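Everything below concerns the one structure shown next.
Residue numbers (the numbering used here), protein chains in the order written: chain A, 1036 to 1504; chain B, 3 to 81; chain C, 3 to 81; chain D, 3 to 81; chain E, 3 to 81; chain F, 3 to 81; chain G, 3 to 81.
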């Protein structure tokens, strides 16, 4: 207002845009109310520039302001701002002279109200999850037929009423043991923990525990996000059903519980069976048992009748028949084989006979006959030759003798004078005395003679001639 | 084992849950068909007793609420 | 061995299942034809007794089942 | 040896199976033709007796079986 | 030796197999041709007798077989 | 020696083979030509007797063979 | 000596071979020509007798040979 008034006062004084913007800037930045102010609004047009600076608009139902948060500031943010998020921005108003724009230079930013709780919630969830508190493998199955159902909730609220109604209706066998607790407000968490501890130490034991309260804001449900409560639920010795808030509200208690129910009534239904179903099951079980027993008997009966009607039992003659066949078969074989020893031997005998027939005794005799004949001929000729040889030898001898015949000269007219007895040859005339009887041998005979004279009277008288040869 | 169980059962200190579980077991065994013949019959007999017991339990059940005493700072706050 | 078995059987402390197993064994042996002739005859005789015994057991079992079922039906009607 | 066997045989404590085995042995011997001639004849004679014995055993067995089967049939009809 | 054998032979307590063996021996000797003439003749003569004996034995055996077969056939028809 | 042999010979326990061997010996002696004439003649005379003996043996053998062959033929035809 | 011989000779137990040897001796003596004529003549006369003797022996041998050969031939034809 001051500036405008001043412009009206000095009309002739014309400012450049730059001068004007500088004046605006000086003015704005010197107002302590615009320095270090807190602004609540909803983020829109959020841009996270590559330089790291964040540019966005803060708005409410009727107005908006540009905002920038430099990277040096936003690096420490615990959450990621996004469009539609209600935040409380802390910073100062400044002017960007080039564009003639004023904007909020944000130094810190936090989610507005619920947002802060949400951050805590998230941080705790991550921490406990890292410890394994929510691990799927820790989840236990609910007992199927609980006798005692522990409930941790407000003793005056609708939750216990809903649970009791449901259990009474469904499963009157179960007794509900209520461990009262405060379910909202800053002091709620310790009471919840104490109630749980009470139930844990109870004798006789409860079979299952329902932890619950009705729907509410995040702040109202907050005790069930408190670390002490979550840890208490996680260490429960019996299965825990968590039924906190409505279906859309998820508390850390839900994560730590074994089962999460959307509502307390749903929790009660989860915790116990419906007696109608149970009665139906009982009927069914009986029918099934009966049927199974009968089936078993029938099955055995089938097996028995299968065995009893096996051909071998129904018609035991088969046992015999197979053997009869064997006997017949072996008899056939015996009958076929009976003549075989004889047949074999007949063949052997026939073979021997054939061999006997082939033995040429006759031939052997003929051969011997031929040998004999040969010997006979040999002998004959040898014997003949022997005689012939001797006779030739004799002939030769005769020939020689003929040539040597001392009387051969006689043929030429010589005669040999022999003495009277014809034994010795008279070789001297001296021995021839007249009257001596002598023999004269001529070539063709000997004559007897008598010496008549000797000497001159050469002619002797032959008295007698006789052939002696 | 079946003998033992049946005996146990008759001594009757059983809970509803034990009875139900036993019933379920018997039904399973019977349906599996791996019980001997006489055991099957006995099992069926037992199942009848169990069903009877369970039915009676259900019939005579009365709902009860037990409240544990814990001093609460501010009961009136709760919704 | 068959002798012994047959003897055992006659002393009759057998269960239905044992009887059935023995029956099956006998049938198998008879079908295989590897029993001696006289043993076959004895086996057949034994099998006849076993069939009879088993049938009786089954009849008894069925009768018991029927009776039990009847008891239950009576109970569920009467009370 | 055959003599002895034949003697043993006549004393007749033999089973069907023993007789059949002996028969098979004889057949094998006859088929091989390695028995002396007179032993062959005796073996054949023995085999004929064995065949007769086996048949008688089978007849006896069949009669017994039929009787047993009949008993069973009677029982299963009557009761 | 042949004399002795022939004598043994004539005393005729011989079996068919002995006769056959002797016959084979003779045939072998005759085939070898190393028997003296008269031994050859005697061997030949013996072989003739052996052949005759063996033939008779075989005929006798065959006759016995036939008779046995007949007896058996009668038995299996009549009873 | 020849005398002795001839004497031995005449006592006639000789076989055909011995006779043949003697004949061959005589041939050898005659071939050698160193026998006196009368010994030669006597040898020849002996050999002739041997030849005669051998012939007779052969004739006898042949006759026996004929006869045996005939007998066998008769037997194998007739029975 | 010759005398003696001739004497011996005339006593006639001589063999053909002795006669032939004597003949050869005579031939040798005659060829030598140193015998007195009358001795020559006597020798010659002796040789004549020897020749005669030898010839007779040979004739006899020849005759015997022929006769034996003939006998054998006759026998082998006739029987």
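Idealized CB from N, CA, C, for every residue including glycine. Note that this is a predicted model, so its numbers are computed, not measured.
Proximity test, Cβ basis, 8 Å: residue i and chain F
i	result
residue 47 of chain E	yes
residue 1400 of chain A	yes
residue 1396 of chain A	yes
Secondary structure of residue i, DSSP reduced to three states
i	result
residue 1104 of chain A	strand
residue 1412 of chain A	helix
residue 1217 of chain A	coil
residue 1140 of chain A	strand
residue 1477 of chain A	strand
residue 1458 of chain A	coil
residue 1506 of chain A	This structure cannot speak to residue 1506 of chain A, because chain A is shown only from 1036 to 1504.
residue 1450 of chain A	coil
residue 1250 of chain A	coil
residue 71 of chain G	helix
residue 1238 of chain A	coil
residue 1169 of chain A	coil
residue 45 of chain D	helix
residue 1482 of chain A	strand
residue 1115 of chain A	coil
residue 1398 of chain A	helix
residue 8 of chain F	The pLDDT assigned to residue 8 of chain F is 46, lower than 50, so where the model puts this residue is not dependable; a value taken from the coordinates is nonetheless given after this. Helix at residue 8 of chain F.
residue 66 of chain B	strand
residue 1463 of chain A	coil
residue 53 of chain C	helix
residue 1472 of chain A	strand
Any chain H beta carbon closer than 8 Å to residue i
i	result
residue 15 of chain C	Here chain H cannot be found, since the structure's protein chains are A, B, C, D, E, F and G.
CB contact check: residue i to chain D, cutoff 8 Å
i	result
residue 18 of chain E	yes
residue 25 of chain E	no
DSSP bridge partner residues for residue i (one or two, in chain order)
i	result
residue 1122 of chain A	A:1076, A:1146
residue 1093 of chain A	A:1078, A:1100
residue 1183 of chain A	A:1210
residue 1277 of chain A	A:1246, A:1295
Own chain residues within Cβ distance below 6 Å of residue i, not counting five before or after
i	result
residue 1092 of chain A	1079, 1080, 1099, 1101
residue 1141 of chain A	1102, 1104, 1124, 1126
Contact with chain E by residue i, beta-carbon distance below 8 Å
i	result
residue 1367 of chain A	no
residue 72 of chain D	no
residue 1407 of chain A	no
C-beta neighbour in chain A for residue i, strict 8 Å
i	result
residue 33 of chain G	yes
Heavy atom of the ligand COA within 7 Å of residue i beta-carbon
i	result
residue 66 of chain D	This structure does not include the ligand COA; it has no bound ligands of any sort.
Cβ of residue i within 8 Å of any chain G Cβ
i	result
residue 1515 of chain A	Because chain A here runs from 1036 to 1504, residue 1515 of chain A falls outside it and cannot be looked at.
residue 69 of chain F	no
Any chain B beta carbon closer than 8 Å to residue i
i	result
residue 1058 of chain A	no
Spatial neighbours of residue i in its chain, beta-carbon cut-off 7 Å, leaving aside the 5 residues before and after
i	result
residue 45 of chain F	4, 28, 31, 32, 37
residue 1250 of chain A	1280, 1281, 1284
residue 1112 of chain A	1144
residue 49 of chain F	25, 28
residue 22 of chain B	56
8 Å Cβ cutoff, residue i in contact with chain C
i	result
residue 1315 of chain A	no
Same chain, Cβ closer than 8 Å to residue i, neighbours up to 5 away in sequence not counted
i	result
residue 1212 of chain A	1183, 1184, 1185, 1186, 1234, 1237, 1241
Selection of the segment 1409 to 1439 of chain A by Cβ proximity to chain F, strictly under 7 Å: 1410, 1411, 1413, 1414, 1417, 1418, 1421, 1425
The segment 38 to 65 of chain F: positions lying closer than 7 Å to chain G by Cβ: 38, 39, 40, 43, 46, 47, 50, 53, 54, 57
Residues of the segment 1373 to 1387 of chain A whose Cβ lies closer than 7 Å to any Cβ of chain D, in chain order: 1373, 1375, 1376, 1379, 1380
Residues of the segment 1141 to 1168 of chain A whose Cβ lies closer than 8 Å to any Cβ of chain C, in chain order: none
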